[in-house]
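Undergrad:
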Amino acid sequence: MVQSSLLEPLPSRKRVSVLLPLPFPCALDYAVPQSLADSLAPGDVVVVPLGGRRETGVVWEQTVLPVDLAPPPPPEIAASRLRPIKERLDLPPLSAELRQFIDWVAAYTLAPPGMVLAMALRSHLRGEQTAAAVGWVRIGEPPESLRMTPARRAVLDALPQGAAPVTMAELTEKAGVGVSVVRGLADAGVLKSMLMGPVSPFAEPDPFHNPPVLEGDQATAATELRARVDERAFSATLLEGVTGSGKTEIYLEAVAECLAQGRQALVLLPEIALSAQWMDRFARRFGVRPAVWHSEIGQKARRLTWAACEDGSAKVIVGARSALFMSFRDLGLVIVDEEHEAVFKQEEGVTYNARDMAVVRARLAKAPIVLASATPSLETLNNVETGRYRHLVLTARHGGAAMPETHLIDMRENPPPRGLFLSPVLVEAVKTRLGRGEQAMLFLNRRGYAPLTLCRTCGHRMECPHCTSWLVEHRKKHVLACHYCEHTEPVPHACPTCGAEDSLTAIGPGIERITEEARSEFPDARIMVMASDTISGPAATAEAVGKISRREVDLIIGTQIVAKGWHFPHLTLVGVVDADLGLGGADLRAGERTMQLLHQVAGRAGRAEAPGEVLLQSFTPEHPVMQALVSGDFAAFMAEEADQRKPGFWPPFGRLAALIVSSENADAADNAARQLGVSAPHGNGIEVLGPVPAPIAVLRGRHRRRLLLRTHRNIAVQPILRRWLGQVTFTSTVRVDVDVDPISFM
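Take a look at the structure:
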């Protein structure tokens, strides 16, 4: 448990630590000027000198961390050498809870604490305050000389004497008149304007607005979650339920209990910009939409949302992983939906898993956390097994809908025609469903037209000049693109190696190629493509969902976007074009991820009255993942996964940390990796693998080498990493990134 270190009040001291949003290993000491000696407090946002410039930072106090996580103390600097703080900004301070959380994340991930602070201290902290609203009140009766029109009478009826002030928009809407009518009454001395105080941009959700009717396991689970919220203490609960079992409606009842107590709730979604249906569910339940936080909202919205979260007027924040670093007035509940999703892991900058850090944030807030999924991660299931988490299970779909039947199409026995990728079995099944007026879906988790373009004459493969990856053809845009660095180039007419013209050919299918084949096979079908290339942002998502719900679409063709919890009641068939995709390579979690993704995709079928069917095209139907998908026994599959990982103490039965060495110079990367390898730690329960070239050996022009530290579960990796990295000196051309608890090995 992390606790704040409560030192003596700041006024009695001549120095104070200030954390800056910069990659320094610790906070910097500054002198406290006499003008601030009686008022400066931890969490205050201040301006300090740094070199020849001014920087914004936060007054910081040392946090007491677990011994395994605590970094070494910074060196003491003589008070006479300290420069004074320039000014304190008139902004809300960062709460003690948020400061503790920032310290915890920095210590756990070995990231500079200032870079973690930067995720909380951005332009929204330095923005304008919420403007005060102008309201109108009635101060008298109309003079006899004023002609009373029906419009003026409507205004007076809408705003009787002694009524509370209302805004112009509210008054004109209620009276059904224009602005000029109100202003005319004001000029006549009947109405008066006045300031109403700051406007909250978010209406308050009503916990009693539209409660659902829950029965059986659903009612039991909702009651249990309400009880956890009512305890006002930390607890962690896994809400596991088959797709369509109503997990969202159940955890929204926990949100309702939180709202009834006057506290705030945080809901993390894996794809917040693509969650139009979730927002509609929330609005139906509570009468209003929640506050939203993600990278696509504008700066003004960010400022308003941050301020409303900090002052408590935003009761529910729904966001991406960065919402963890918002300043809450009274956080009473945390929800992580689809907790198994890999997108909760941030891979750039500060590398952290938002699911795991959400547990920490909830613990610091003394609030319950609910982790929801139809296919929980092995880490979360292990926490259930060891008693760290409670477990609620929903085994049936809501409303009596049946789970879809899953069948394998052995592509060795039922291959498609040459040059095509849909088996005749799948094509016939789609035609049957479309003929009944039902909807079907084709799933392939690969963007573009083809993953590889090569020369038929010399065999040259089109590769990215900055990464060790093939260029993906995007035929609609007439370009070849790298999906790692976003490099693009036109499709050449001739091979760049041998010069042969018209010799380049596309190898393998992407979503565009499947769409081309589907248009040929189903010429009368109304087809919609759902991929990140075609669906961007909430507005486009809402439009696409609306068309599907209104049955303006017959066939949906999509990438992993279509697996994100959609509810399409008329969708009865899901065809997975390449079920084997993702099973190759040396990824520790390849089987688990493939199982989760395909199980989620399959769950889109048959969610209403009509029964659903799932067809998996596979060249390895005997694979355990394929057999588990057919049997529907997710628990047995995960138990087998656990048995395979235990002997080698792989996560969740051991700990991992990756070191990624990179440089624009290959020799420099090799030398640095070699030094780390020579000085690698050893001991009982400690093992270092590598160094080896990363699977993506060159990324954005930087040569990459990887080392992997593996320890037993009872051995923390942070102290080992600090000692290890402290033994090696790197040149300025080398960068070493630390990834604690890696989920990607690329």
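Using this note's numbering, the letters of the sequence shown correspond one by one to residues 637 to 1382.
Ideal Cβ positions, reconstructed from N, Cα and C, are used throughout, including at glycine.
All figures in this text were calculated on a predicted structure; none of them were measured in a lab.
1. Less than 8 Å between the CB atoms is what I'm expecting for R774 and V826, so what's the real figure, rounded?
2. Take H760 and list the residues in its own chain whose beta-carbon comes closer than 7 Å to its own, dropping the five residues that flank it on each side.
3. In three-state DSSP terms, what is L1219?
4. Using C-beta distances below 7 Å, list every residue in its chain close to T1369, excluding the 5 sequence neighbours before and after it, in chain order.
5. Evaluate the contact criterion for the region 1050-1060 versus the region 1258-1272: three or more CB pairs, one atom per stretch, below 8 Å.
6. Taking just the CA atoms, how far does L792 sit from P786?
7. Taking 6 Å as the limit between beta carbons, can you name the residues of its chain near V891, skipping five residues before and five after?
8. Measure the C-alpha to C-alpha separation of S881 and L705 and round it to an integer number of angstroms.
9. For A919, which residues from the same chain have a beta carbon less than 8 Å from its beta carbon, with the 5 sequence-adjacent residues on both sides left out?
10. Can you give the Cα-Cα distance for I933 and M751, rounded to whole angstroms?
11. Do you know whose CA, among T1133, H1110 and A794, lies nearest E1125's CA?
12. Ends of the beta strand (DSSP E) at I1356?
13. Grouping DSSP H, G and I as helix and E and B as strand, with all else coil, what is M830?
14. In whole angstroms, what is the alpha-carbon distance linking G948 and H1206?
15. Helix, strand or coil: how does DSSP classify N989 here?
16. Could you tell me the alpha carbon to alpha carbon distance between G1418 and G1182, rounded to whole angstroms?
17. For C1121, which residues in the same chain have their Cβ closer than 6 Å to its Cβ, ignoring the five residues on either side in sequence?
18. Where I1184 and R1359 are concerned, what is the direct C-alpha to C-alpha distance, given to the nearest angstrom?
19. Quick check: the region 992-1005 against the region 788-803, are there 3 or more CB pairs under 8 Å?
20. So, with DSSP's three-state summary, where would you put L725?
21. Would you say the beta carbon of R774 is closer than 7 Å to some non-hydrogen atom of the ligand ADP?
22. Measure the Cβ-Cβ separation of V1198 and F1057 and say whether it is below 8 Å.
23. What residue range does the beta strand (DSSP E) around P685 cover?
24. Pull up the distance between the alpha-carbon of K722 and that of A1278, whole angstroms please.
25. Should A1272 be labelled buried (16 or more other beta-carbon atoms within 10 Å of its own) or exposed?
26. Considering only the beta carbon of each residue, do H771 and P801 sit closer than 8 Å?
27. Using the three-state DSSP reduction, which class does V813 fall into: helix, strand or coil?
28. Relative to the alpha-carbon of L1344, which residue among N1350, L1295, D1377 and V1314 has its alpha-carbon at the smallest distance?
29. Quick one: using the 10 Å Cβ neighbour count with 16 as the cut-off for buried, is S1156 buried or exposed?
30. Mind reading off the beta-carbon distance from L1251 to L1062? Whole number of angstroms is fine, and I expect it under 8 Å.
31. When DSSP builds the beta bridges, which residues end up paired with G955?
32. Per DSSP, R690 forms a beta bridge with which residues?
33. Grouping DSSP H, G and I as helix and E and B as strand, with all else coil, what is H1102?
34. Would you list the one or two residues that DSSP bridges to V970?
35. The beta strand (DSSP E) with E876 in it runs from where to where?
36. Considering only the alpha carbon of each residue, which of A1309, P1012, P661 and R1069 lies closest to E1249?
TA: Here's the rundown:
1. The beta-carbon distance between R774 and V826, rounded to whole angstroms, is 7 Å. This is short enough to meet the 8 Å contact definition.
2. Because H760 sits at a pLDDT of 43, beneath the cut-off of 50, its placement in the model cannot be relied upon, and the following sentence gives the value as read from the coordinates. Close CB contacts of H760 within its chain, under the 7 Å cut and outside five residues either way in sequence, are with R938, R939 and W942 (chain order).
3. Coil, per DSSP.
4. For T1369, where only same-chain residues beyond five positions count, the Cβ hits under 7 Å are S1299, E1300, N1301 and A1304.
5. Too few Cβ pairs lie closer than 8 Å, so no.
6. Approximately 10 Å, taken between the alpha carbons.
7. Hits under 6 Å: A901.
8. Cα-Cα distance, rounded: 40 Å.
9. The answer, listed in chain order, is R925.
10. Our two residues, I933 and M751, have alpha carbons roughly 22 Å apart in a direct line.
11. The residue from T1133, H1110 and A794 with its alpha-carbon nearest to that of E1125 is H1110.
12. Residue range V1353 to G1362 is occupied by the alpha helix (DSSP H) that includes I1356, with no beta strand (DSSP E) assigned at that position.
13. Taken through DSSP and simplified to helix, strand or coil, M830 comes out as strand.
14. Rounded to whole angstroms, G948 to H1206 spans 41 Å at the Cα level.
15. Three-state DSSP puts N989 in a strand.
16. Shown here, the chain extends from 637 to 1382; a query on residue 1418 therefore has no answer.
17. Once the five neighbours on either side are set aside, the close Cβ partners of C1121 are H1102, C1103 and R1336.
18. Near 56 Å, if we compare the C-alpha coordinates of R1359 and I1184.
19. Here the region 992-1005 does not lie against the region 788-803, with fewer than 3 beta-carbon pairs under 8 Å apart.
20. Reduced to three states, the DSSP call for L725 is coil.
21. You won't find the ligand ADP in this model; it holds no ligand whatsoever.
22. Not a contact, by the Cβ cut-off of 8 Å.
23. Unbroken beta strand (DSSP E) run through P685: V681 to L686.
24. Approximately 56 Å, taken between the alpha carbons.
25. Result: exposed.
26. First, the amino acid is wrong: residue 771 is Gly here, not His. Between G771 and P801, the C-beta gap is smaller than 8 Å, which places the two residues in contact.
27. Residue state for V813 is assigned as coil, using DSSP reduced to three classes.
28. Closest option to L1344, judged by alpha-carbon separation, among N1350, L1295, D1377 and V1314: L1295.
29. It is exposed - the Cβ of S1156 has fewer than 16 other Cβ atoms within 10 Å.
30. L1251 to L1062, Cβ: 5 Å. Contact.
31. Paired residue(s): L904 and W929.
32. R690 is bridged to P685.
33. Coil, per DSSP.
34. DSSP lists L902 and I1005 as partners of V970.
35. Counting along the chain, the beta strand (DSSP E) containing E876 begins and ends at S871 to G877.
36. It is R1069.
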